[in-house]
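> Numbering (this note's numbering), first residue to last: 1 to 386.
Note that CB positions come from ideal geometry on N, CA and C, so glycine has one too.
In this text the structure is predicted, and so the values were computed from the model without any measurement.
The structure is given below, and queries will be raised subsequently.
Put into C-alpha cells, the structure is as follows:
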C-alpha cells in the first residue's frame, strides 16, 4: 500500500512537471465540505473575466455541487485514481488560485508553480481536537509518512483563519510560519450572523419538523469517530430527554447512524432523528447544544438563539490519547465538560445559560459577518496584481 502511494505521488509529480508551463488562467476550488457555497458563488460572480472558475468536489458533496452547477459554475467530481492524475492534475496546474477546504494528500506530489497561490480555507472556526503534528499518533508514523505529510502542509501559501488562536493551531499542527496566516475570518461563518439566513433556515426546519417550534430544543451532535467499535454510553437517551418540556434532536455523523439503535429502542417520542435536515440549520432552532470535540460548538456560539452549550466528553481520557485534545482546552471552553451520563442529566435539568463572550473573542475574533467580503477583496486584489 505504501509503495502504491509513492508511485501515485510520482505520477502526479510527472504530470505536473509536464504541465507546469500552462497559462495560469483558472481559479479552482477543491470541495470536500458543503459549508462555503456563498463564498464560492460570490467568487464566481466577481472574479475578472479572463479567469475560468472550476469546482472539483468529493462525492459526498454532490448535492452542494449540483446547486453550484445550477448557479452556472463548472463542477467535476473527483476521487483519487488514474482519472484524477491524467484529467485533473493538468487542470490544476493551470490555476492562479487554488482554494482547499481540507487536507488533500495529492498536493504532496504536485509541483507548486510560483504563479499559483494555494489557499487553505479550512472547514471549521476552531479546533478542540488535535491534528497534524499535534496528533499523538503522528509520532508513531514512519519517516517517509511524516515527510509526505509535511510536503502537503508546505504547499499552502495562505491559511485563512478567524482568530490568532486558530493561526497558532496551524503553526503548531502543520509546522508553518506566522507569515502564512491570514486573519480574515471564515466566509462560512457569515451565515450564522445573517438574520435573513437564520429566518430562512428556521422556516425550512419548521416546515419539516413543526413540533420543534413550541419546545426547548436540545441538539445532540457529537464529532465523527473512525473507530468501528465506538459505542454511545448506556443511558444517554434518558439523560438527554431528562427535561420533560424539551424535544431532543439526535444528529450523528452518517457513518455512525447505526449507533442510534439503542436510543430508538427507548421509544421516547421526544427523541427525534431528522436525517434530511442539515446540522447547520438545526443549530438555528436549538436552545441547547450537546456536543464533545466537534467544531459545531464554534458555529453555535455565534447564533442569537444559543442559550447553553454542554460538552459531553464521556471518553475524554481515551480521546486525549488518540487523536488528542488541545492542551489548553480547559482554559477557553465556555462551560466545564461533563464526563458521565448522570452529570449530563444534571446539566440538562439545570439549564444554566452559557456566557459565550470570551469563547467568541478567542476563536471567532474575525467572524463578524463580513468575512466573505474581506476574503473576496483580499484574493481579488491579488488577481489584479498580475
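Using the C-alpha atoms, what's the distance from residue 230 back to residue 239?
19 Å
> Quick check: the Cα distance between residue 107 and residue 159, rounded to an integer number of angstroms?
15 Å
> Give the single residue among 336, 273, 270, 45 whose Cα lies nearest to the Cα of residue 293.
336
> Should residue 63 go down as buried or exposed, given a rule of 16 or more other Cβ atoms within 10 Å for buried?
exposed
> Using DSSP bridges, identify the partner residues of residue 158.
Beta-bridge pairing links residue 158 to 119.
> In terms of residue numbering, what span does the alpha helix (DSSP H) encompassing residue 379 cover?
371–384
> Could you please give the first and the last residue of the uninterrupted alpha helix (DSSP H) stretch that includes residue 347?
That run of the alpha helix (DSSP H) goes 341–350.
> First and last residue of the alpha helix (DSSP H) that includes residue 196?
195–208
> According to DSSP, which residues form a beta bridge with residue 308?
In the DSSP output, where bridge partners are listed per residue, residue 308 has 288.
> Taking residue 302 and residue 219 to be in contact with their CB atoms under 8 Å, please state how far apart those CB atoms are, rounded to whole angstroms.
The pair is not a contact, with the Cβ atoms about 15 Å apart (cut-off 8 Å).
> Is it buried or exposed, residue 281, if we count other Cβ atoms within 10 angstroms and call 16 or more buried?
buried
> With a floor of 3 residues, list each beta strand (DSSP E) that falls wholly inside the region 65–105, ordered by position along the chain.
Complete beta strand (DSSP E) runs here, min 3: 74–77, 95–100.
> I'd like to know if the region 248–263 and the region 327–347 are in contact, where contact means that at least 3 CB-CB pairs between them fall below 8 Å.
no
> In the DSSP assignment, what are the bridge partners of residue 52?
According to DSSP, residue 52 shares a beta bridge with 26.
> Is residue 147 helix, strand or coil when you go by DSSP?
helix
> Could you give the C-beta distance for residue 95 and residue 20, rounded to a whole number, given that I count them as a contact under 8 Å?
Wrong, their Cβ atoms sit about 12 Å apart, outside the cutoff.
> Contact between the region 311–321 and the region 375–382: three or more CB pairs below 8 Å?
no
> With distance defined between alpha-carbon atoms, name the residue in 123, 167, 270 nearest to residue 31.
The shortest C-alpha separation from residue 31 is found at 123.
> Can you tell me where the alpha helix (DSSP H) holding residue 37 begins and where it ends?
DSSP places residue 37 in the uninterrupted alpha helix (DSSP H) bounded by 37–46.
> Quick one: what's got a C-beta closer than 8 Å to residue 41's C-beta in the same chain, skipping five residues either side?
Take residue 41, set aside five residues on each side of it, and the residues of its chain with a beta-carbon closer than 8 Å to its own are 68, 71, 73, in chain order.
> With a threshold of 6 Å on Cβ separation, who are the neighbours of residue 76 within its own chain once the five nearest residues in sequence on each side are excluded?
56
> What's the call for residue 10, buried or exposed, on a 16-neighbour Cβ count within 10 Å?
exposed
> Can the beta-carbon of residue 339 be found less than 8 Å from the beta-carbon of residue 316?
Their beta carbons are under 8 Å apart, which means residue 339 touches residue 316 by this criterion.
> Using the beta-carbon count (16 or more within 10 Å), is residue 279 buried or exposed?
buried
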